[in-house]
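**Q** Letter 124 of the sequence shown, counting from 1, is numbered 128 in our numbering, and no numbers are missing. No residue lacks a Cβ here, since even glycine has one placed at the ideal position from N, Cα and C.
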Amino acid sequence: MNSVHSRTPAIVAVDGRGLPVRQIAYLRSQAKAPAAALITRQRFNVTGHLTEQWDPRLFDHAPKPNQATVYNLLANPLQTDSVDAGWRLALPGLAGETLQVWNARGNHWRTQYDNQLRPLALEENGQANAETFTYADATEDTVDNLRGQLLEQTDTSGTLRLDRYSLLGESLRQVRSFADAIPYTSTQTRDALGALVSQTDAGGHRYDLRLDVCGQLRQADLKLKDHEASQPILLDTLYNAAGQIERQDTANGVTSRWTRDPADGRMSTLKTGKAGEALRQDLAYFYDPVGNVLRIEDQTVSPQYFANQRMDGHREFTYDSLYRLTSATGLEGDTPHLLPGLPAPIVPIDPSVRFNYTQLYTYDSGHNLTQLRHVREGNNHTQALRIAPHSNRGVRWTVDDPEPDFDALFDAHGNPLYLQRGAQPLVWNARDQLSRVTLLKRDNGMADDDETYLYSLGERVSKTHITASTRHETRYLPDLEIRTSSHGEQLHIITFALAHGSVRCLHWEAGQPDGIEADQLRYNLDDHLGSSTLELDREGALISLEHYYPFGGTSWQAARSRIEVDYKTLRYSGKELDASGLYYYGARYYPPWLQRWLSPDPAGTVDGLNLYGFVGNNPMTLTDDQGLILETQAERDDRKAQAAADHEGRKKKHKLNREIAKFKDILKLTSRRAREAQTQLESHRSVAAHAQSAAVRVGAHVGAQVISYGAGIAVGMGAAALGSVAGPPGIILGAALGFTTSKGVSIGLDYALERLSLSAAVNFKTRKLDPNRIVKRGEYKHLNLDEYAKAKGQDLLHAVTAPTTRNVLKAGKEAAVTGTKIALKASGNVTASEIGAAVGTVLGTIEIIHEIRGANRELSEEKIARADEYINGMIEVLNAQMDYIDKLFNKAELGATNTYQPLEKLFGESSGDTPQNLRLQMKATIVQLKKTQSMLR
Numbered sequence: 005m006n007s008v009h010s011r012t013p014a015i016v017a018v019d020g021r022g023l024p025v026r027q028i029a030y031l032r033s034q035a036k037a038p039a040a041a042l043i044t045r046q047r048f049n050v051t052g053h054l055t056e057q058w059d060p061r062l063f064d065h066a067p068k069p070n071q072a073t074v075y076n077l078l079a080n081p082l083q084t085d086s087v088d089a090g091w092r093l094a095l096p097g098l099a100g101e102t103l104q105v106w107n108a109r110g111n112h113w114r115t116q117y118d119n120q121l122r123p124l125a126l127e128e129n130g131q132a133n134a135e136t137f138t139y140a141d142a143t144e145d146t147v148d149n150l151r152g153q154l155l156e157q158t159d160t161s162g163t164l165r166l167d168r169y170s171l172l173g174e175s176l177r178q179v180r181s182f183a184d185a186i187p188y189t190s191t192q193t194r195d196a197l198g199a200l201v202s203q204t205d206a207g208g209h210r211y212d213l214r215l216d217v218c219g220q221l222r223q224a225d226l227k228l229k230d231h232e233a234s235q236p237i238l239l240d241t242l243y244n245a246a247g248q249i250e251r252q253d254t255a256n257g258v259t260s261r262w263t264r265d266p267a268d269g270r271m272s273t274l275k276t277g278k279a280g281e282a283l284r285q286d287l288a289y290f291y292d293p294v295g296n297v298l299r300i301e302d303q304t305v306s307p308q309y310f311a312n313q314r315m316d317g318h319r320e321f322t323y324d325s326l327y328r329l330t331s332a333t334g335l336e337g338d339t340p341h342l343l344p345g346l347p348a349p350i351v352p353i354d355p356s357v358r359f360n361y362t363q364l365y366t367y368d369s370g371h372n373l374t375q376l377r378h379v380r381e382g383n384n385h386t387q388a389l390r391i392a393p394h395s396n397r398g399v400r401w402t403v404d405d406p407e408p409d410f411d412a413l414f415d416a417h418g419n420p421l422y423l424q425r426g427a428q429p430l431v432w433n434a435r436d437q438l439s440r441v442t443l444l445k446r447d448n449g450m451a452d453d454d455e456t457y458l459y460s461l462g463e464r465v466s467k468t469h470i471t472a473s474t475r476h477e478t479r480y481l482p483d484l485e486i487r488t489s490s491h492g493e494q495l496h497i498i499t500f501a502l503a504h505g506s507v508r509c510l511h512w513e514a515g516q517p518d519g520i521e522a523d524q525l526r527y528n529l530d531d532h533l534g535s536s537t538l539e540l541d542r543e544g545a546l547i548s549l550e551h552y553y554p555f556g557g558t559s560w561q562a563a564r565s566r567i568e569v570d571y572k573t574l575r576y577s578g579k580e581l582d583a584s585g586l587y588y589y590g591a592r593y594y595p596p597w598l599q600r601w602l603s604p605d606p607a608g609t610v611d612g613l614n615l616y617g618f619v620g621n622n623p624m625t626l627t628d629d630q631g632l633i634l635e636t637q638a639e640r641d642d643r644k645a646q647a648a649a650d651h652e653g654r655k656k657k658h659k660l661n662r663e664i665a666k667f668k669d670i671l672k673l674t675s676r677r678a679r680e681a682q683t684q685l686e687s688h689r690s691v692a693a694h695a696q697s698a699a700v701r702v703g704a705h706v707g708a709q710v711i712s713y714g715a716g717i718a719v720g721m722g723a724a725a726l727g728s729v730a731g732p733p734g735i736i737l738g739a740a741l742g743f744t745t746s747k748g749v750s751i752g753l754d755y756a757l758e759r760l761s762l763s764a765a766v767n768f769k770t771r772k773l774d775p776n777r778i779v780k781r782g783e784y785k786h787l788n789l790d791e792y793a794k795a796k797g798q799d800l801l802h803a804v805t806a807p808t809t810r811n812v813l814k815a816g817k818e819a820a821v822t823g824t825k826i827a828l829k830a831s832g833n834v835t836a837s838e839i840g841a842a843v844g845t846v847l848g849t850i851e852i853i854h855e856i857r858g859a860n861r862e863l864s865e866e867k868i869a870r871a872d873e874y875i876n877g878m879i880e881v882l883n884a885q886m887d888y889i890d891k892l893f894n895k896a897e898l899g900a901t902n903t904y905q906p907l908e909k910l911f912g913e914s915s916g917d918t919p920q921n922l923r924l925q926m927k928a929t930i931v932q933l934k935k936t937q938s939m940l941r
């Protein structure tokens with residue numbers, strides 16, 4: 005069999021526990037060459053957890069493994085040590101939350117949590133409140149669905165406030181401010197499934213979406229600020245049964261059509277154009293059996309002959325047995341461009357100025373691309389990368405160069421300290437995010453040219469580019485970029501993602517340049533990797549055209565005008581190219597001239613032991629949307645087709661969060677009731693405990709009555725004049741005002757005393773342990789003061805409709821107090837309010853004395869049996885609710901959940917609620933119940 009894949013099986017050797025300790029991959033780059041065995045080693049501890057990993061390159065001579073991990077007794081990683089990314093040490097709390105973190109760069113974080121394990125503040129290297137989080141409590145109004153949600157987050161970039169949420173927990177309104185305190189407000193409207201249907205960005209521009217029955221984007225309109233009418237952007241979109249796009253009609257009259265292989269769903273052709281005109285895109289794709297792209301035919305490129313060469317739009321690719329790209333062909337400009345930045349654009353567009361090239365790639369056994377040979381008629385060259393002997397850190401290198409000092413070129417986490425060898429210094433913040441690039445360093449005392457970046461919640465929110473003469477700033481807001489310059493330009497770039505490609509509207513608030521239309525619409529047409537290859541205007545005319553090398557550098561670009569090409573910002577993989585020449589992906593940056601990531605993968609070894617490798621060295625087939633995890637074309641299509649599934653997932657997560665909040669409140673109430681019952685049981689059996697409980701109960705009552713009736717008296721005195729003028733009706737109204745004020749204050753005090761257990765009865769009341777009552781009462785925790793007052797009013801009504809000794813005393817007290825006040829005021833007694841207050845306090849005390857007498861009596865066997873039954877029932881209820889929450893975790897396919905999803909980017913799953921820590925909380929509550937149960941006997 006004449007193939008690089010002949011006799012190259014994947015072999016896994018396992019130990020007696022079935023754990024893979026060796027993995028053997030056979031490498032062959034040429035069809036007839038012998039295959040080399042590449043062995044990856046793994047070591048597991050006695051509990052079966054992976055502790056050490058070696059790649060084939062480092063195993064024989066490296067002093068330590070590529071990755072080593074130390075676990076705690078719960079199998080959570082405590083320390084990771086990577087030859088590429090350095091070591092990190094985490095100290096978890098009892099519920100698995102991360103309390104402190106140290107790393108090899110000398111940084112130290114300490115996180116403070118609330119009682120729901122939500123992060124409140126982050127201390128960074130001794131700086132308190134480097135990042136803070138504020139949440140809405142139960143007193144927030146229910147209109148904006150704020151309770152329990154993140155309200156405000158602050159960090160070095162500024163402040164983010166979220167003051168409106170949907171029923172499913174999505175943020176509907178956010179206000180971001182930077183150091184200048186200018187607020188930028190973005191709002192969203194979502195449907196019942198949580199799908200976005202409208203958004204107004206911080207510039208006041210709105211787009212409206214219409215979805216199909218599966219929740220996929222169908223049509224879209226854009227309304228710019230101060231414009232009376234909306235303009236259509238997307239006219240129609242059709243999908244197949246698998247959710248893959250088949251047709252897209254945009255408002256510039258352009259239609260895109262896809263055909264796919266029915267056997268595997270891979271894209272076969274992509275054609276884009278206007279009716280009656282030549283196609284703008286006409287691509288055909290060919291794959292090997294596993295999905296690697298072997299050939300792309302671009303039929304829009306007319307064959308031309310120059311210097312004994314035939315130049316067309318066909319590109320071919322070959323791979324080794326590990327699916328790493330080994331050769332590629334394509335078109336480039338008259339001068340090969342393998343350096344940072346962009347080649348000079350051809351203006352106006354002239355497709356004839358393009359030349360054939362071939363690139364050949366060589367890798368080491370650690371999957372580092374060590375050599376790139378660029379072959380072209382009369383213009384060949386080779387570039388090499390030198391790799392550190394004990395890690396995968398690498399730098400550009402030539403034969404005449406001295407051996408690199410990798411310790412001087414990289415920090416302890418593998419972040420490079422220079423963009424070019426010995427030039428263009430890089431500065432990294434404590435979280436390994438690039439914060440500054442010095443583009444030009446001046447020694448004459450003048451300021452350097454540099455570009456600085458700010459981040460929030462793991463995403464870049466600001467970029468500032470400063471030169472000797474200008475200052476450019478970009479602020480990144482939801483679907484909007486605000487770009488300003490020291491020359492007075494203020495540009496809003498409104499971005500709208502289509503099912504295929506995107507639309508960007510350039511709206512100038514000030515300083516619009518000549519040669520470009522106001523509110524220009526630019527339709528980006530992408531290839532299979534998401535790279536912007538063409539830009540069309542609102543009439544479907546060509547603005548710019550761009551080709552890319554396989555690893556992302558621009559090989560050729562042309563535009564109809566110089567000014568327009570300067571405003572193209574999205575390029576390879578649909579990412580933004582900075583002035584430094586780096587592409588920003590989200591989690592990290594990518595320098596296309598190095599064909600590897602700038603820094604190690606923050607996600608760790610999810611894509612292999614080489615943390616710098618770019619998309620598995622298979623850039624024509626695989627992509628990495630955020631710089632974290634690579635994905636195939638099928639996986640990318642699936643992700644884009646997940647609109648309806650994502651909405652359903654959000655519903656499941658929101659339901660889970662609600663049930664968790666309810667469960668935790670029931671746990672707290674149950675624990676409080678159990679502790680109160682223990683105190684009450686002591687009162688039945690100990691004279692000293694009985695006296696202490698009685699004193700606390702009476703003291704809390706009298707204090708509350710003095711405060712509440714005092715407020716009522718003050719209002720009653722103000723209303724006395726009303727009685728003197730209006731007669732009996734005024735007397736009744738004045739008494740009503742005093743009563744209402746008194747009860748309002750009383751309810752507020754009850755609200756506080758109940759949560760402090762100061763209003764608990766002295767005698768043992770079995771009904772307080774009734775599971776049905778506790779579950780219902782647990783909802784009080786979610787009530788604000790108004791709702792609590794309503795519930796207390798219903799209790800008062802129940803005292804009338806269901807008369808018991810306790811209820812008769814309660815209702816009699818209120819009737820006596822109110823009647824006494826009215827009678828005394830009618831007789832002209834000036835101390836009516838004070839006498840009424842005294843009557844209320846005395847009668848309330850009589851009610852408590854009734855409770856205290858009950859505590860003197862022995863507990864009946866019937867009462868003990870009922871309490872025992874309630875406790876057993878409560879334990880069953882808690883276990884049943886925990887089992888239900890387990891099922892919700894499984895349905896949502898989550899191992900942990902956070903209140904606010906962006907926090908997961910900073911704190912991961914451990915900062916939220918997990919089934920494990922919820923069970924620990926439940927067990928603590930059951931311990932309290934069983935302690936109470938033991939005291940019954």
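Since S331 sits in a beta bridge, which residues does DSSP pair it with?
**A** According to DSSP, S331 bridges with T322, L364.
**Q** Looking at D253 and P236, is the spacing between their C-beta atoms short of 7 Å?
**A** Cβ atoms of P236 and D253: not closer than 7 Å.
**Q** So, R677 versus K772, is the Cβ gap smaller than 7 Å?
**A** Against a cut-off of 7 Å, the Cβ pair of K772 and R677 comes out as a contact.
**Q** Drop a sphere of 10 angstroms on the beta-carbon of Q937, count the other beta-carbons inside from all chains shown, and report buried for 16 or more, exposed for fewer.
**A** Flag for Q937 reads buried.
**Q** Looking only at C-alpha atoms, which of T609, L346, E513 sits nearest to H551?
**A** It is L346.
**Q** Which first and last residues belong to the alpha helix (DSSP H) in which E521 is found?
**A** Per DSSP, E521 belongs to no alpha helix (DSSP H) and is neither H nor E.
**Q** Considering only C-alpha positions, which residue in the set L376, E873, L287 is nearest to D531?
**A** When each option's Cα is compared against that of D531, the closest is L287.
**Q** CB R487 to CB R508, shorter than 7 Å?
**A** No, they are not a contact pair.
**Q** Would a C-beta distance cut-off of 7 Å place T51 and T73 closer than the cut-off?
**A** No, they are not a contact pair.
**Q** Once DSSP output is grouped into helix, strand and coil, what is the label at P420?
**A** Here P420 sits in strand by DSSP.
**Q** G382 by DSSP, collapsed to three states: which one?
**A** Of the three classes helix, strand and coil, the one that applies to G382 here is coil, per DSSP.
**Q** Measure the C-alpha to C-alpha separation of N107 and R168 and round it to an integer number of angstroms.
**A** C-alpha separation (whole angstroms): 37 Å.
**Q** Out of D774, G557, T374, state which residue places its alpha-carbon closest to the alpha-carbon of G337.
**A** For the residues D774, G557, T374, the minimum Cα distance to G337 belongs to G557.
**Q** Suppose contacts are defined by Cβ-Cβ distances below 7 Å. Is M271 in contact with R261 by that definition?
**A** No. Outside cutoff.
**Q** Quick check on A928: does DSSP put it in helix, strand or coil?
**A** Helix, per DSSP.
**Q** Excluding the five sequence neighbours on either side, which residues of its own chain have a C-beta within less than 7 Å of the C-beta of Y588, listed in chain order?
**A** Result list for Y588: R464, K579, E580, D582, in chain order.
**Q** Cα-Cα, which of E144, A134, D268, R542 is closest to G162?
**A** The shortest C-alpha separation from G162 is found at A134.
**Q** Beta-carbon within less than 6 Å of G317's beta-carbon, same chain only, minus the 5 sequence neighbours each way: which residues are those?
**A** Closer than 6 Å at Cβ, skipping near neighbours: D302, V305.
**Q** Check whether the Cβ atoms of G208 and L484 sit closer than 7 Å, and answer yes or no.
**A** No, these two residues do not count as a Cβ contact at 7 Å.
**Q** Are the CB atoms of I943 and I497 nearer to each other than 7 Å?
**A** Residue coverage of the chain in this structure runs from 5 to 941, which leaves residue 943 outside it and unanswerable.
**Q** Taking Cβ to Cβ, would you say G585 is nearer than 7 Å to P344?
**A** In contact: G585 and P344 (Cβ atoms closer than 7 Å).
**Q** Should V399 and L413 be called a contact, given that it needs their Cβ atoms to be closer than 7 Å?
**A** Yes. Within cutoff.
**Q** Could you say if the segment 215-229 and the segment 473-480 meet the contact criterion of at least three C-beta pairs nearer than 8 Å?
**A** Output reads no: the segment 473-480 does not touch the segment 215-229.
**Q** Tell me the DSSP secondary structure of V779 in three-state form.
**A** Helix.
**Q** L373: beta carbon under 6 Å from a heavy atom of the ligand COA?
**A** Absent from the structure shown: the ligand COA. Ligands present: none.
**Q** Answer yes or no: do Q46 and V25 have a C-beta to C-beta separation smaller than 7 Å?
**A** Yes.
**Q** Alpha carbon to alpha carbon, how far is D145 from V179?
**A** If I take the Cα positions, the gap works out to 19 Å.
**Q** Is it right to say H371 is buried, meaning 16 or more other beta carbons lie within 10 angstroms of its own, or is it exposed?
**A** Under this definition H371 is a buried residue.
**Q** Roughly how far, in whole angstroms, is the beta-carbon of G492 from the beta-carbon of A514, given that I think they are within contact range, below 8 Å?
**A** 6 Å between Cβ atoms; contact.
**Q** In its own chain, which residues sit with a C-beta less than 7 Å from the C-beta of L444, not counting the 5 before and 5 after it?
**A** Closer than 7 Å at Cβ, skipping near neighbours: D452, D453.
**Q** Can you say whether T276 is buried or exposed, counting buried as having 16 or more other CB atoms within 10 angstroms of its CB?
**A** Burial call: buried.
**Q** Taking the Cβ atom as the reference point for each residue, do S325 and V8 lie within a distance shorter than 7 Å?
**A** In this structure, V8 lies closer than 7 Å to S325 by Cβ.
**Q** How would you label G22, buried or exposed, when you count the other beta carbons within 10 angstroms and need 16 or more for buried?
**A** The residue is exposed, with fewer than 16 neighbouring Cβ atoms inside 10 Å.
**Q** Which of the three DSSP states is assigned to M878 in this structure?
**A** In this structure, M878 counts as helix in the three-state DSSP scheme.
**Q** Please name the residue, chosen from R923, T456, G418, L172, that lies closest to Q428 on a Cα-to-Cα basis.
**A** Closest option to Q428, Cα to Cα, is T456.
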